[in-house]
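Okay, structure first, notes after.
Numbering (my numbering), first residue to last: 12 to 178.
Right, here's the structure in full:
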């Protein structure tokens with residue numbers, strides 16, 4: 012924001028409030044589409060547009076458009092995150108806390124590595140377009156891994172409190 016729109020730190024903070032608002036909206040309003048679409052479709056319906064928006068974002072020329080785009084991205088992320096976490100923690104009810112902790116640790120580690128790579132891309136390629144593309148590819152790869160691994164499959168309760176995949 013400072014590079015692209017010459018914003019001082021205070022105004023960047025104002026834009027950041029819209030990211031939080033987007034996450035809040037997605038968390039509050041995301042349960043309905045997730046219930047209607049099912050896990051896999053809700054994740055795909057959220058993650059695929061986010062990938063496209065990440066590619067589009069660096070090419071926006073106005074601050075209001077960029078702010079609206081990031082509000083939308085974070086609203087979709089606010090919808091997708093609980094869906095994915097619920098899918099992961101339902102894999103084995105007896106170790107939900109461990110699964111949640113490992114998922115959060117993995118996410119934080121991946122954010123650290125992603126930020127490092129984004130810094131390299133920004134410095135070497137001179138802008139955010141490569142970072143947007145990198146983010147989109149990573150998001151689509153994670154969606155593919157979740158779908159291929161069956162993590163997002165709907166599960167029915169099984170004996171012993173564990174979840175079993177529906178046929």
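Note that the Cβ used here is the ideal one computed from N, Cα and C, for glycine as well.
Spatially closest choice to residue i from the options, by CA coordinates
i, options, result
"residue 14", "113, 163, 138", "138"
"residue 23", "77, 123, 118", "77"
"residue 127", "145, 104, 113", "145"
"residue 140", "149, 123, 70, 51", "70"
"residue 79", "152, 151, 27", "27"
"residue 94", "60, 49, 74", "49"
"residue 118", "96, 72, 74, 56", "96"
"residue 17", "98, 73, 60, 68", "73"
"residue 157", "105, 131, 134, 114", "114"
"residue 68", "44, 12, 105", "12"
"residue 125", "160, 149, 44", "149"
"residue 60", "105, 106, 44, 84", "84"
Burial state of residue i, where buried means 16 or more other Cβ atoms lie within 10 Å
i, result
"residue 31", "exposed"
"residue 46", "exposed"
"residue 25", "exposed"
"residue 21", "exposed"
Proximity below 7 Å, CB of residue i to CB of residue j
i, j, result
"residue 108", "residue 38", "no"
"residue 36", "residue 86", "yes"
"residue 151", "residue 51", "no"
"residue 129", "residue 142", "yes"
"residue 42", "residue 91", "no"
Close-in-space but distant-in-sequence residues of the same chain around residue i (CB under 6 Å, 5 per side omitted)
i, result
"residue 82", "29, 33"
"residue 154", "58"
"residue 111", "100"
"residue 147", "62, 65, 66"
"residue 98", "50, 162, 163"
Spatial neighbours of residue i in its chain, beta-carbon cut-off 8 Å, leaving aside the 5 residues before and after
i, result
"residue 133", "139, 141, 142"
Extract the residue ranges of the alpha helix (DSSP H) inside the segment 61-119, only unbroken runs of 4 or more that lie entirely within it. Within the segment 61-119, the complete alpha helix (DSSP H) runs of at least 4 residues fall at 74-100.
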